[in-house]
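Sequential numbering of the sequence shown, starting at 167, is according to our numbering. C-beta atoms are modelled at their ideal positions from N, C-alpha and C, and glycine is treated no differently. Given the structure is predicted, the values throughout are model-derived calculations rather than measurements. First the structure, in the form of structure tokens, and then the observations on it.
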Amino acid sequence: MLTLNGTRGRPASFLLTGFSGLGVSSLPWLSIPICSLYIVAFFGNCLILVVIKWQPSLHEPMYLFLSMLSLTDLGLSISTLPTVLQLYALDSREISVNACLAQLFFIHTFSIMESSVLLAMAFDRFVAIRHPLRYVSMLTRARIRNIGLAVVLRGVGLHVPAPILLKRLPYCKSHQLSHSYCLHPDVMKLACADTTPNSSYGLFVLLSTLGLDSMLIVLSYILILRTVLSIASREERLKALSTCVSHICAVLLFYTPLISLSMIHRFWKRAPHHSRILLSYLHFLVPPVLNPVVYSIKTQQVRKQIIRLFHLKNWTGSRMESFRMPREK
């Protein structure tokens with residue numbers, strides 16, 4: 167049961183929402199594919215991190231940025247995992263206010279961090295194609311480290327006010343959230359007080375991060391395309407563009423569901439609730455699952471090192487087994 171904290175209209179908890187119309191018996195079955203996606207996301211991104219960590223040939227700017235992308239994907243998955251499993255695996259819809267505010271802080275922080283990393287990767291591709299001879303000297307490890315620090319500070323700093331502003335609001339309306347995790351606009355609309363500061367803050371963060379990042383990514387690819395078209399050889403053009411395929415896929419996986427969800431919220435307010443839930447899952451869950459797959463398939467160096475890692479593991483296991491067999495006899 168929901169309770170109010172004194173006379174100030176502050177709820178002790180909120181209620182999560184999943185796909186409506188599903189019976190209790192259907193929730194465990196739905197939790198199986200959802201858990202499978204989380205497992206794939208976790209092991210896929212961890213595999214990328216392990217391969218880049220232990221292979222010196224991948225200690226280059228492109229792959230260091232890829233490791234940042236994997237870290238943000240892991241953080242985003244871990245941020246949404248507790249309430250999604252709580253809802254579908256345990257059939258528990260209630261979440262405390264403090265836990266909800268903490269979750270929305272981490273979800274939005276890692277989401278902005280992922281957008282920042284995608285922008286950094288676009289800059290990396292621009293430098294690699296526009297200035298190939300100065301690529302390594304321009305993107306040194308110290309500069310990459312500073313870029314990573316800026317990504318973290320930007321994501322954390324911009325979202326520290328979010329839980330503070332929401333904490334001060336009274337909530338006397340329905341405590342039913344629209345998703346299976348806490349998001350800033352979703353919690354804000356439940357308040358029964360003036361939310362102009364919250365709304366203005368949210369719009370500022372959205373425009374200064376996701377909006378600005380997407381415009382700069384598009385601009386970087388316009389400059390990349392101009393540079394590629396100036397290359398005389400057709401083979402060299404295709405080779406240069408092929409290095410951008412994985413990043414383009416990652417950008418589309420991240421921004422397409424986000425833009426679609428924003429368009430539905432603004433221009434199709436009567437859209438089925440299932441469509442909003444599905445798009446939110448596509449935005450928060452699908453990129454962490456597919457980014458490692460895309461980079462493993464499209465990036466030859468990463469694919470070779472993953473195959474080499476598994477071959478080395480299998481060879482080590484077979485050697486250990488051959489040493490054990492005589493002793494067992």
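T465 burial status per 10 Å Cβ neighbour count (16 or more: buried): Your numbering for residue 465 matches position 299 in the sequence shown. Looking at its Cβ environment, which holds 16 or more other Cβ atoms inside 10 Å, T465 is buried.
Backbone secondary structure at S179 - three-state DSSP: In the sequence shown, the residue the question calls residue 179 occupies position 13. It is a strand residue.
Per-residue burial, C358 [other beta carbons within 10 Å of its own, 16 or more giving buried]: Sequence index remark: in the sequence shown, residue 358 carries index 192 (1-based). Exposed, since its Cβ has fewer than 16 Cβ neighbours within 10 Å.
Sufficient close CB pairs (3 or more, under 8 angstroms) joining the segment 228 to 238 to the segment 308 to 317: yes
Nearest residue (CA-CA) to A294, options S408, Q269, I443, V452: For this step, residue 294 is matched to residue 128 along the sequence shown. Ranking S408, Q269, I443, V452 by Cα distance to A294 puts S408 first.
Cβ neighbour criterion (16 or more within 10 Å) applied to T362: Your numbering for residue 362 matches position 196 in the sequence shown. So T362 ends up on the exposed side.
Burial state of T306, where buried means 16 or more other Cβ atoms lie within 10 Å: One-based indexing of the sequence shown puts residue 306 at position 140. Looking at its Cβ environment, which holds fewer than 16 other Cβ atoms inside 10 Å, T306 is exposed.
Helix, strand or coil at G184 according to DSSP, with G and I counted as helix: Working through the sequence shown from its first residue, we reach residue 184 at position 18. Three-state result, G184: coil.
Counterpart residues of Q471 in DSSP-defined beta bridges: Against the sequence shown, residue 471 aligns to sequence position 305. The partner list for Q471 (beta bridge, DSSP) is empty, contrary to what the question assumes.
First and last residue of the uninterrupted alpha helix (DSSP H) at I313: Residue numbering aside, residue 313 sits at position 147 when the sequence shown is read from its first letter. Run containing I313: 307 to 325, per the alpha helix (DSSP H) assignment.
contact_flag[the segment 235 to 255, the segment 447 to 462] where n(CB pairs < 8 angstroms) is 3 or more: Cβ pair count under 8 angstroms is three or more, so yes.
Q221 versus K333 - alpha carbon distance: In the sequence shown, residue 221 corresponds to position 55, counting from 1. In the sequence shown, residue 333 corresponds to position 167, counting from 1. Approximately 46 angstroms between the Cα atoms of the pair.
Per-residue burial, A286 [other beta carbons within 10 Å of its own, 16 or more giving buried]: Taking the first residue of the sequence shown as position 1, residue 286 is located at position 120. Classification for A286: buried.
For Q221, the residue or residues it bridges with in DSSP: Here residue 221 refers to the residue found at position 55 when the sequence shown is read from its first residue. Looking at the DSSP assignment, Q221 forms no beta bridge with any residue, so it has no partner.
Reference L372, options S346, S340, S412, M279, closest by Cα: Stepping through the sequence shown from its first residue, residue 372 is reached at position 206. Closest option to L372, Cα to Cα, is M279.
For I273, the three-state DSSP class (helix, strand or coil): Counting from one through the sequence shown, the residue named residue 273 turns up at place 107. Note: I273 maps to helix in three-state DSSP.
Sub-8 angstroms separation of L270 and C338 beta-carbons: By 1-based counting over the sequence shown, the position of residue 270 is 104. By 1-based counting over the sequence shown, the position of residue 338 is 172. Taking 8 angstroms as the Cβ cut-off, L270 and C338 do not qualify as a contacting pair.
Sufficient close CB pairs (3 or more, under 8 angstroms) joining the segment 419 to 431 to the segment 441 to 456: yes
Per DSSP, cross-strand counterpart(s) of Q342: Working through the sequence shown from its first residue, we reach residue 342 at position 176. Q342 is bridged to L181.
Cβ-based burial, L224 [other Cβ within 10 Å; buried from 16]: Position 58 of the sequence shown, counted from the start, is the residue given in the question as residue 224. With 16 or more Cβ atoms within 10 Å of its Cβ, L224 is classed as buried.
Cut-off 6 angstroms between Cβ atoms - residues of its own chain near F208, not counting five sequence neighbours on either side: The residue labelled residue 208 in the question sits at position 42 within the sequence shown. No residues qualify anywhere along the chain.
Residue from H297, L343, S340, T275 whose Cα sits closest to the Cα of R320: Counted from its first residue, the sequence shown places residue 320 at position 154. Cα-wise, what sits closest to R320 is T275.
Close beta carbons around I200, own chain, < 7 angstroms, minus the five adjacent residues each side: Your numbering for residue 200 matches position 34 in the sequence shown. For I200, where only same-chain residues beyond five positions count, the Cβ hits under 7 angstroms are V250, Y254.
Cut-off 7 angstroms between Cβ atoms - residues of its own chain near V217, not counting five sequence neighbours on either side: Here residue 217 refers to the residue found at position 51 when the sequence shown is read from its first residue. In chain order, L224, V468, Q471, I472, L475 place their CB closer than 7 angstroms to the CB of V217, counting only its own chain and leaving out the 5 sequence neighbours on each side.
Terminal residues of the beta strand (DSSP E) in which S262 lies: Counted from its first residue, the sequence shown places residue 262 at position 96. The continuous beta strand (DSSP E) containing S262 extends over residues 260 to 262.
Exposed unless 16 or more other CB atoms sit within 10 angstroms - verdict on E401: The residue labelled residue 401 in the question sits at position 235 within the sequence shown. It counts as exposed.
Where T169 falls, given that 16 or more other Cβ within 10 Å makes a residue buried: As a working note, residue 169 is residue 3 in the sequence shown. Its pLDDT being 45, under 50, T169 is placed unreliably in this model, and the value from its coordinates should be taken loosely. Classification for T169: exposed.
C-beta atoms of P438 and N211 nearer than 8 angstroms: Within the sequence shown, residue 438 is the residue found at index 272, counting from 1. Within the sequence shown, residue 211 is the residue found at index 45, counting from 1. No, the Cβ-Cβ distance between P438 and N211 is not below 8 angstroms.
Nearest residue (CA-CA) to V318, options L256, F450, I390, G241: Taking the first residue of the sequence shown as 1, we reach residue 318 at position 152. Of the candidates L256, F450, I390, G241, the one whose C-alpha sits nearest the C-alpha of V318 is G241.
Distance between V283 and I214 (C-alpha atoms, nearest Å): On the sequence shown, residue 214 is found 48 positions in, with the first residue counted as 1. On the sequence shown, residue 283 is found 117 positions in, with the first residue counted as 1. So the two alpha carbons sit approximately 16 angstroms from each other.
C-alpha gap between H413 and L299, whole angstroms: Looking up residue 413 in the sequence shown gives position 247. Looking up residue 299 in the sequence shown gives position 133. Cα to Cα, H413 sits roughly 21 angstroms from L299.
Spatially closest choice to D239 from H345, V411, F272, T375, by CA coordinates: On the sequence shown, position 73 is the one that residue 239 refers to. Looking at the Cα atoms, F272 is the closest of the given residues.
C410 versus P327 - alpha carbon distance: The residue labelled residue 410 in the question sits at position 244 within the sequence shown. The residue labelled residue 327 in the question sits at position 161 within the sequence shown. Spanning the two alpha carbons is a distance of roughly 36 angstroms.
D360 - DSSP class collapsed to helix/strand/coil: The residue labelled residue 360 in the question sits at position 194 within the sequence shown. Correct three-state label for D360: coil.
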